[in-house]
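Asks: One structure is given below, represented as structure tokens, and several questions about it will come after.
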Amino acid sequence: MPNEPSVPTEPTLDELSAYLDHELEDDAKARVAEHVAGCAACQARLDGLRQAAYAIRALPMETPPRTFTIPAKRRESFRWAPAAGWIGGVAVATLIIVVGVQHLPFRPANTAGSTSTISGGLAQGSGTQNGAAAPLAAPGVSSNDQRFSGQAAAASGNAATVADASNGSRRLVLDTDRASYTTNARMMVSVQLIGSPATSLNSGDQGLTLTLVHNGVGVALNPVGVQSWNGTPIFGGWYDLASLHLSEPRSGDYRLEATWVIPDGSGRVLQASVPVKITP
Amino acid sequence: MDDRDLVGRARRGDPEAFTQLMMQYQVPLYNMALRMVGRPDDAADIAQEAFTRAWVKIRTLRDAPFKSWLFQIAANLCYDHFRRGRRYGEMPDEDTNKVVGLGILTPDPQERAEASERNRLVRESIEALDHDMRLAIILRDVNGMAYDEIAGVLGVPLGTVKSRIARARAQVQEHLQQYPDFFPSTREDAHAE
Numbered sequence: 000m001p002n003e004p005s006v007p008t009e010p011t012l013d014e015l016s017a018y019l020d021h022e023l024e025d026d027a028k029a030r031v032a033e034h035v036a037g038c039a040a041c042q043a044r045l046d047g048l049r050q051a052a053y054a055i056r057a058l059p060m061e062t063p064p065r066t067f068t069i070p071a072k073r074r075e076s077f078r079w080a081p082a083a084g085w086i087g088g089v090a091v092a093t094l095i096i097v098v099g100v101q102h103l104p105f106r107p108a109n110t111a112g113s114t115s116t117i118s119g120g121l122a123q124g125s126g127t128q129n130g131a132a133a134p135l136a137a138p139g140v141s142s143n144d145q146r147f148s149g150q151a152a153a154a155s156g157n158a159a160t161v162a163d164a165s166n167g168s169r170r171l172v173l174d175t176d177r178a179s180y181t182t183n184a185r186m187m188v189s190v191q192l193i194g195s196p197a198t199s200l201n202s203g204d205q206g207l208t209l210t211l212v213h214n215g216v217g218v219a220l221n222p223v224g225v226q227s228w229n230g231t232p233i234f235g236g237w238y239d240l241a242s243l244h245l246s247e248p249r250s251g252d253y254r255l256e257a258t259w260v261i262p263d264g265s266g267r268v269l270q271a272s273v274p275v276k277i278t279p
Numbered sequence: 000m001d002d003r004d005l006v007g008r009a010r011r012g013d014p015e016a017f018t019q020l021m022m023q024y025q026v027p028l029y030n031m032a033l034r035m036v037g038r039p040d041d042a043a044d045i046a047q048e049a050f051t052r053a054w055v056k057i058r059t060l061r062d063a064p065f066k067s068w069l070f071q072i073a074a075n076l077c078y079d080h081f082r083r084g085r086r087y088g089e090m091p092d093e094d095t096n097k098v099v100g101l102g103i104l105t106p107d108p109q110e111r112a113e114a115s116e117r118n119r120l121v122r123e124s125i126e127a128l129d130h131d132m133r134l135a136i137i138l139r140d141v142n143g144m145a146y147d148e149i150a151g152v153l154g155v156p157l158g159t160v161k162s163r164i165a166r167a168r169a170q171v172q173e174h175l176q177q178y179p180d181f182f183p184s185t186r187e188d189a190h191a192e
């Protein structure tokens, strides 16, 4: 009697779903793939599970309606925790002040000579809108005036700091978690507005724009604000590069630019930029 | 800087490090809570409380990954939310606030209306799930966690994670099939090609 081709055991619902997520061991994966290839019913079940997963994944990621902070009361209770109970109140207060001064920026980016002040309006008014790809006006500042990330990049990330020439305590610090991403990666960005005259955590109120630029075309990113424990407004978030309206080919050398029109009516602008490489 | 460095600094009482962790996780954590409880204010309360508890307890965190630990705190708060008798809240129109997908140009009004309705139906299908299945599928398909991460958050074996996600997807699919105008059968699509 001739051997009939054997059909692998019909996969369970759990296996089909895990197969979609690449969460099966190699042998189970091969068995499911082989069965599904020859079984219309299982192919239909798999398609249904896929449709459900994709429908949920297509829901937009929402911005929180308010900012999250460490409540001051809890912060104190942490600092006065029993482990440090033997430390006198004065000593702890001193420590808080010292730590506060040392930690003004997240990481000490290089600020020497990194002055970039632009008078009047700037690229912000050049037609770039959230979500729209628009040409960016060239910033009216010479590259010598800006300290970009080449030297300023911290060991663990990609950072640039720009100080306000007229106010030494005011700085714009821009950084990303990495300098290079694949096209479907998520990029974490943080922008610190140290010494901002405004306390608002709305990027528009702060005069902050964040733009990913490639070949003179920029895509605006919408930064979400939080307040640092010392009151510094910090903006940024995670950005899904696959969802951004980038021109094809998406891979290439980009610049991430933070432009801060200081909200004090002076029209002064600080601009920091870091290189971002997107690879296939 | 990775979580481990930041957690190490936060455990030593560095609020800036913890702020950076908050920044990193605020959107995914809020969205997990939002898809669990439905109402933005409730979700924001849960996310805030999760961050507060994480900050207060961070010294107790040893080798466990911060992300799983934080999401576990938030998941427990979601269960508390339902234990207190709070129900799933209907979301207001939610197409104005998105972070991910910012670069996508806004489609025309009809497409927007259709997308909004599609999203509403998907949210409705999630709401119809029991809490355990809902949380599992949210952690997988909203937060993109791997099964072992989800097992860490839920404190259940991998097989349970696999089963909850599969059953949740099957139920969501069953729900969506009632609206073929918005969710046409993929088989029909294939035949049409």
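From first to last, the protein sequence lines stand for chains A and B. Everything in the first sequence is counted per numbering that gives the first Met the number 0, starting at 0 for the first residue and increasing by one. Everything in the second sequence is counted per numbering that gives the first Met the number 0, starting at 0 for the first residue and increasing by one. We treat Cβ as the ideally placed atom computed from N, Cα and C, and that holds for glycine.
Output needed in chain order: residues of the region 7-23 of chain B with a Cβ under 7 Å from some Cβ in chain A.
Replies: G12, D13, P14, E15, F17, T18, Q19, M21, M22, Q23
Asks: Is any beta-carbon of chain A found at less than 7 Å from that of P179/B?
Replies: no
Asks: Out of S115/B, Y29/B, Q19/B, which has the shortest C-alpha to C-alpha gap to A73/B?
Replies: Y29/B
Asks: Near V275/A, which residues of its chain fall below 6 Å by C-beta distance, leaving aside the five closest residues on each side in sequence?
Replies: Y253, L255
Asks: Taking only beta carbons into account, state which residues of the region 50-63 of chain B come closer than 8 Å to chain E, listed in chain order.
Replies: You won't find chain E in this structure, because its protein chains are A and B.
Asks: Count the C-beta pairs between the region 62-77 of chain B and the region 41-49 of chain B that are closer than 8 Å, then say yes if the count reaches three, no if not.
Replies: yes
Asks: Helix, strand or coil, according to DSSP, for E24/A in the structure here?
Replies: coil
Asks: Secondary structure at P279/A, three-state DSSP: helix, strand or coil?
Replies: coil
Asks: Going by other Cβ atoms of all chains shown within 10 Å of its Cβ, with 16 needed for buried, is L175/B buried or exposed?
Replies: buried
Asks: Helix, strand or coil: which one does DSSP assign to S265/A?
Replies: coil
Asks: Going by DSSP, what residue range makes up the alpha helix (DSSP H) through T159/B?
Replies: Note, T159/B: alpha helix (DSSP H), 157-175.
Asks: Just the Cα atoms here: how many angstroms apart are V155/B and V212/A?
Replies: Between V155/B and V212/A, the alpha-carbon positions lie close to 45 Å from each other.
Asks: Using 8 Å as the cut-off, can you tell me whether the region 163-171 of chain B makes contact with the region 124-135 of chain B, which would need three or more C-beta pairs spanning the two stretches below that distance?
Replies: The answer is yes - the region 124-135 of chain B touches the region 163-171 of chain B, with three or more Cβ pairs under 8 Å.
Asks: Got a sec? Which residues, its chain only, sit under 8 Å from V89/A by beta carbon, not counting five neighbours each side?
Replies: In this prediction, V89/A has a pLDDT of 34, which is less than 50 and means its spatial position is unreliable; nothing more can be read from the coordinates.
Asks: Please list the terminal residues of the continuous beta strand (DSSP E) segment that includes R58/B.
Replies: No beta strand (DSSP E) contains R58/B, which DSSP labels as neither H nor E.
Asks: Consult DSSP for A178/A and reduce its assignment to one of helix, strand or coil.
Replies: coil
Asks: With a cut-off of 8 Å, do at least 3 Cβ pairs link the region 28-41 of chain A to the region 109-120 of chain B?
Replies: no
Asks: So, for L5/B: in the same chain, excluding its five sequence neighbours on each side, which residues have a beta-carbon less than 6 Å away from its beta-carbon?
Replies: A16, Q19, L20
Asks: Please state whether the Cβ-Cβ distance between W68/B and L60/B is less than 7 Å.
Replies: Contact flag set, yes.
Asks: Under the three-state reduction of DSSP, which class applies to R146/A: helix, strand or coil?
Replies: Confidence at R146/A is low in this model, with a pLDDT of 27, below 50, so the placement of that residue should be treated as unreliable; the coordinate-derived value is given next. It is coil, neither helix nor strand.
Asks: For Q193/B and L128/B, I'd like the C-alpha separation in whole angstroms.
Replies: Any property of residue 193/B remains undetermined from this structure, which presents chain B solely from 0 to 192.
Asks: What residues in the region 231-248 of chain A have a beta carbon less than 8 Å from any beta carbon of chain B?
Replies: Residues I233, G235, G236, W237, Y238, D239, S242, L243, H244, L245.
Asks: I55/A by DSSP, collapsed to three states: which one?
Replies: Helix.
Asks: Tell whether a beta-carbon distance below 7 Å holds between P262/A and Q25/B.
Replies: Going by C-beta atoms, P262/A is not nearer than 7 Å to Q25/B.
Asks: Quick check: what's the CA-CA separation for E33/A versus L12/A?
Replies: 16 Å
Asks: Can the beta-carbon of P232/A be found less than 7 Å from the beta-carbon of S195/A?
Replies: yes
Asks: So, with DSSP's three-state summary, where would you put I233/A?
Replies: strand
Asks: Looking at C-alpha atoms only, which residue of G12/B, L153/B, D41/B, F70/B is the closest neighbour of R58/B?
Replies: Residue G12/B is the option with its Cα nearest to R58/B.
Asks: Measure the beta-carbon distance from R10/B to L48/A and round it to whole angstroms, keeping in mind my assumption that it falls under 8 Å.
Replies: Between L48/A and R10/B the Cβ distance is about 41 Å, and since that is not below 8 Å, they are no contact.
Asks: Between which two residues does the beta strand (DSSP E) harbouring T11/A extend?
Replies: Unbroken run through T11/A: none, as it is neither H nor E.
Asks: So, helix, strand or coil for L171/A, using DSSP?
Replies: strand
Asks: What do you get for Q205/A, buried or exposed, if any count of 16 or more other CB atoms within 10 angstroms of its CB means buried?
Replies: buried
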